[in-house]
Ligand code: NAD
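In the numbering used here, the protein residues as written are 1 to 453.
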């Protein structure tokens, strides 16, 4: 381990002083854009391309794709001798860092087809068996969560446990690839901090100072890329629905989008947080009315309908999670709800998820304890049969299951150790991800949260 860390340190020092030699497998939009920025950053770049036609054109300095600015970087680099194209890894020497930029199309069932990726990794594995210097393999192709674990198995199955893997998804868009690649966030997934650092440093100062770097696990990095692409598709579908609706209603979509941009500044996507579903006086009624309006204009299965259904299903999911966490049956069980208002810092319970959750629990014969810093008055008028507490620690006493529904500071800052001593069973359903999972584990809670590690 110490020896390997030392070798990586040498690799890193060599790289920062002299630039490095890297090999890119797959010379499409992603591979060529990466080749441009890495050669621009001072590295020697070897590019391997399987398609003979593409390869020959690249060797004769013809860019077979149209991407502004790319030829101006790639071909001078070829002339300087810092960039070269090959048809196979056999012709490449002195490389210890590989980038895989091969296609990941969908198969006949619509699933991600990783055959090109696995084939490229098998070629690297063969190369690694012949050349003994330490290897980093960085996958840039878009893959679904779980793929990197399979890539790791592939190398391990060939006895190559010294190969370090990094997943570094690409966010650039065709048409503005060179501009995007310099300003997009750098997401790095992997187990080896040295390998993540090596890949980050390869980009050197080429990226803007403000570029954010996320170091995370394989699964989270894989998920970031998939989630971002899906989110982009949802946004495009939504704006197209809106445009058609504007056309029917005589509204102007360009100005509507401008209005959106102002809201995006005030409420940026960085503030997105999962929770038990929407509530309050505005979103539920306005989305319902908007869905009806869309229906009147022949959008029978619009995104709005799906969003309403999806938000509804989150409330049902919380109820299912609670029932699943209660042993044997719901009879003679105590469930404590922490937070009743539809969000923190308000006493508003209109359309709050807590309303449906309390109803389902009471119907199932559960004894409901509830704490909220501001919303008890309002809720006690709707459900007088609930046991309300003005102290959260008293509320959790004798509890079989604790459910966080609102992200009040008073709830976030609760003493988990004390709660663990007071409740009957250490079961926590945290629908707002307010509690640190390490602490929940430390105090031996069985917990369900909203996808937070
Ligand atoms: P592409 O089809 O343009 O290029 C991939 C190249 O890899 C092809 O030229 C192919 O011949 C070559 N190739 C396949 N297997 C090979 C092998 N074993 N050895 C050498 N060459 C091989 O693909 P792309 O658009 O660059 O996308 C690559 C990956 O990046 C995909 O997973 C894609 O989803 C993802 N991605 C693409 C974009 C984009 O805008 N195009 C953006 C972000 C991420």
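The C-beta atom is built at its ideal place from N, Cα and C for all residues, glycine as well. Since the model is a prediction, treat every value here as computed from it, not as a measurement.
Inter-residue spacing [alpha-carbon to alpha-carbon] between residue i and residue j
i           : j           : result
residue 92  : residue 80  : 18 angstroms
residue 16  : residue 204 : Low confidence applies to residue 16: its pLDDT is 41, below 50, so where it sits in the model is not reliable, and the reading given next is rough at best. Their Cα atoms are separated by approximately 8 angstroms.
residue 286 : residue 336 : 31 angstroms
residue 338 : residue 395 : 8 angstroms
residue 40  : residue 71  : 12 angstroms
residue 351 : residue 324 : 24 angstroms
residue 68  : residue 269 : 29 angstroms
residue 407 : residue 258 : 31 angstroms
residue 309 : residue 275 : 15 angstroms
residue 120 : residue 89  : 10 angstroms
residue 160 : residue 150 : 14 angstroms
residue 348 : residue 382 : 13 angstroms
residue 34  : residue 59  : 17 angstroms
residue 424 : residue 362 : 19 angstroms
residue 420 : residue 311 : 31 angstroms
residue 378 : residue 202 : 58 angstroms
residue 54  : residue 74  : 15 angstroms
residue 100 : residue 371 : 53 angstroms
residue 94  : residue 265 : 48 angstroms
residue 454 : residue 212 : Limits of the chain in this structure are 1 at one end and 453 at the other, which puts residue 454 out of reach.
residue 57  : residue 63  : 7 angstroms
residue 214 : residue 188 : 6 angstroms
residue 42  : residue 106 : 36 angstroms
For residue i, three-class secondary structure by DSSP
i           : result
residue 383 : coil
residue 215 : strand
residue 454 : The structure shown does not extend to residue 454, since the chain spans only 1 to 453, so no value can be given for it.
residue 164 : strand
residue 435 : coil
residue 94  : coil
residue 155 : helix
Whole-Å CB distance - residue i paired with residue j, under 8 angstroms assumed
i           : j           : result
residue 139 : residue 97  : That belief does not hold up - the Cβ atoms of residue 139 and residue 97 are roughly 12 angstroms apart, past 8 angstroms.
residue 162 : residue 102 : With a Cβ gap of about 23 angstroms, residue 162 and residue 102 do not count as contacting.
residue 125 : residue 167 : About 17 angstroms separates the two Cβ atoms, so there is no contact after all.
residue 416 : residue 439 : 5 angstroms
residue 291 : residue 302 : 7 angstroms
Cβ neighbours of residue i in the same chain (closer than 7 angstroms, five flanking residues each side left out)
i           : result
residue 118 : 154
residue 474 : Outside the displayed range of the chain (1 to 453) lies residue 474, so it cannot be described from this structure.
residue 414 : 392
residue 278 : 284 and 311
Contact set for residue i: own chain, Cβ-Cβ below 6 angstroms, skip 5 residues either direction
i           : result
residue 195 : 136, 164 and 166
residue 23  : 46, 92, 95 and 98
Cβ shell of residue i (< 8 angstroms), same chain only, five flanking positions each side left out
i           : result
residue 256 : 242 and 246
residue 239 : 253 and 257
residue 357 : 276, 315, 318, 319, 322, 337, 403 and 405
> Using 8 angstroms as the Cβ pair cut-off and three pairs as the minimum, do the segment 41 to 51 and the segment 81 to 101 touch?
Replying inline: yes
>> Between the segment 220 to 228 and the segment 293 to 311, can you find at least three pairs of beta-carbon atoms closer than 8 angstroms?
In response: no
>> Three Cβ pairs or more, each shorter than 8 angstroms: is that satisfied between the segment 305 to 317 and the segment 375 to 387?
In response: no
>> For the structure I just gave you, are there three or more beta carbon pairs, one from the segment 174 to 188 and one from the segment 242 to 250, closer than 8 angstroms?
In response: no
> Are there three or more Cβ pairs, one per stretch, closer than 8 angstroms when the segment 420 to 432 is compared with the segment 397 to 412?
Replying inline: yes
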